[in-house]
Structure formats: C-alpha cells, structure tokens
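S.K.: Counted from 1, the sequence shown has number 159 at position 159 by UniProt numbering; the numbering is strictly sequential.
Yeah, the Cβ is synthetic: ideal placement off N, Cα and C, and Gly gets one too.
Got a structure here, written out as structure tokens. Questions coming.
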Amino acid sequence: MARPTTKADLLIAADSQYKKLMELIQSMSEEEISTPFNFEADLKKKEAHWNRDKNIRDVLIHLYEWHNLLINWVSANRVGDDKPFLPEPYNWKTYGKMNVEFWEKHQSASQIKAEKMLEKSHVEVIKIIDSFTDEELFTKKYFPWTGTSSLGSYCISATSSHYDWAIKKLKAHIKNVKALNS
Numbered sequence: 001m002a003r004p005t006t007k008a009d010l011l012i013a014a015d016s017q018y019k020k021l022m023e024l025i026q027s028m029s030e031e032e033i034s035t036p037f038n039f040e041a042d043l044k045k046k047e048a049h050w051n052r053d054k055n056i057r058d059v060l061i062h063l064y065e066w067h068n069l070l071i072n073w074v075s076a077n078r079v080g081d082d083k084p085f086l087p088e089p090y091n092w093k094t095y096g097k098m099n100v101e102f103w104e105k106h107q108s109a110s111q112i113k114a115e116k117m118l119e120k121s122h123v124e125v126i127k128i129i130d131s132f133t134d135e136e137l138f139t140k141k142y143f144p145w146t147g148t149s150s151l152g153s154y155c156i157s158a159t160s161s162h163y164d165w166a167i168k169k170l171k172a173h174i175k176n177v178k179a180l181n182s
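Written as structure tokens, this is what we have:
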C-alpha cells in the first residue's frame, strides 16, 4: 500500500490495516495464540522489540500506547499547550526505555482487554485524523509543534505503518509456530 498523501487515503489505510491486523489475530489457532513469541533463532531480528514482546497482548498494548502518545500530543497542542510528541524524559534516542515501561505497565492485562483498549484508541485516533483538513495533515511545518514534519506523517506512523509492523511480527510468530510443528 502506498504511503497516504490525503486525509481520505490516510483514513482508508488506517482502517484497512487495523482490520487486517484484527482478522489475522482472529484467524490464529489456539496454539499460535498461546505459544510465547521467540525470535532468538532469527539473527536478522535484532531490534529490541523482537525480544521485548512475548505475545499478542504485548503487541496490541504497544499500538495502544502509541495511539495515546498521538492523542495526548495533538490534544495538548491544539489548545496551545506546547508539548513534544514523546513525554519527558524521553527523546528519539531513548524511547526504547519508554516502550519497555509500556510493556511492564500492562503485563497483568489480558489479550481481550488489550484488544478492547486498542479498538477504543483506534476509533479516537480516526476521529482526530478526520477533524483535520488535507492541508493541515500533509503540509510540512503547518503546525509549529510538528517540527519539520507533517501531522499526517505522525498519524501514519501511529496507525497504518504501525499496524503493518504488528502484522509482520505476528506473521513471523505464526511461521515460527508452524516450523516447530513440522
């Protein structure tokens, strides 16, 4: 799917990727759902998230928390409360620690709860996206609080691109589970 360049394309991409993610989860076998993630054998999977997330819930919570980052950032800046996207003390070099804190915070949540939380935050993000014009979403530096980027770029990252990341991760897990059984 091409990177969205209009509000309509962004809304379609966000909803379609979200739907694909949820359909993938619904299609998973009980074994695929209950088997903990293990990507240690794949030396290409070096990023921290491959070791951090142990199950579907962890992936969904990650998406939910990044939705909340977007929601809180847009909501604050819209009313003149100048806030960076990443909360203090994090920055783009240290946000991995924040992701681990998100992971730790939700270890007692069930997968069902995580699905409901993500569904609610997805709907809220869609409403936020829909409240802006094409120009507001896709003009770089339109808002001073987006820096050199566009608001749409942040929205894409928090929705369709992030859902694609989750889909790839779950597909890699499914492949691993199938390999264990062959």
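Report the start-end ranges of each alpha helix (DSSP H) in the segment 43-123 that is 4 residues or longer and not cut off at the edges.
M.R.: List check, alpha helix (DSSP H) in window: 48-52, 56-78, 95-105.
S.K.: Determine the extent of the alpha helix (DSSP H) in which Glu23 is found, giving its start and end residues.
M.R.: Within the sequence shown, numbered from 1, the residue matching residue 23 stands at position 23. From DSSP, the alpha helix (DSSP H) with Glu23 extends over 7-27.
S.K.: Might you give, ordered along the chain, the residues of its own chain that have their beta carbon closer than 7 angstroms to the beta carbon of Leu21, omitting 5 neighbours on each side?
M.R.: The count along the sequence shown starts at 1 and reaches residue 21 at position 21. Answer for Leu21: Tyr163, Ala166, Ile167, listed in chain order.
S.K.: Check the C-beta distance from Leu137 over to Gly147 and give it rounded, since I have them as a contact under 8 angstroms.
M.R.: In the sequence shown, counting from the first residue as 1, residue 137 sits at position 137. In the sequence shown, counting from the first residue as 1, residue 147 sits at position 147. Between Gly147 and Leu137 the Cβ distance is about 15 angstroms, and since that is not below 8 angstroms, they are no contact.
S.K.: Under 8 angstroms by Cβ, that's how I've got Ala109 and Ile174 pegged, so tell me the actual separation to the nearest angstrom.
M.R.: Reading the sequence shown from its first residue, position 109 is the one you call residue 109. Reading the sequence shown from its first residue, position 174 is the one you call residue 174. Contact flag wrong, Cβ pair sits at about 22 angstroms.
S.K.: For the pair the segment 58-75 and the segment 97-114, tell me if three or more CB-CB distances fall below 8 angstroms.
M.R.: With a cut-off of 8 angstroms, the segment 97-114 and the segment 58-75 count as touching, because enough Cβ pairs lie within range.
S.K.: How is Tyr163 classed by DSSP in three states: helix, strand or coil?
M.R.: As a position in the sequence shown, residue 163 is number 163, starting the count at 1. Helix at Tyr163.
S.K.: Looking at C-beta atoms only, is the number of pairs between the segment 115-131 and the segment 90-101 that lie closer than 8 angstroms three or more?
M.R.: Segments in contact, no.
S.K.: Compute the Euclidean distance between the alpha carbons of Lys141 and Lys105, then round it to the nearest angstrom.
M.R.: Within the sequence shown, numbered from 1, the residue matching residue 141 stands at position 141. Within the sequence shown, numbered from 1, the residue matching residue 105 stands at position 105. Near 34 angstroms, if we compare the C-alpha coordinates of Lys105 and Lys141.
S.K.: Which word fits Gln17, buried or exposed, when buried means at least 16 other C-beta atoms lie within 10 angstroms of its C-beta?
M.R.: Walking along the sequence shown from the start, residue 17 turns up at place 17. With 16 or more other Cβ atoms within 10 Å, it is buried.
S.K.: Which class does Phe132 belong to by DSSP, given the choice of helix, strand or coil?
M.R.: Along the sequence shown, one-based indexing puts residue 132 at 132. Here Phe132 sits in coil by DSSP.
S.K.: Exposed or buried, what is Lys44 when buried is set at 16 or more other beta-carbons lying within 10 Å of its beta-carbon?
M.R.: Here residue 44 refers to the residue found at position 44 of the sequence shown. It is exposed - the Cβ of Lys44 has fewer than 16 other Cβ atoms within 10 Å.
S.K.: Quick one: does the C-beta of Val100 sit closer than 7 angstroms to a heavy atom of the ligand HEM?
M.R.: Because no ligand of any kind appears in the structure shown, any question about the ligand HEM cannot be addressed here.
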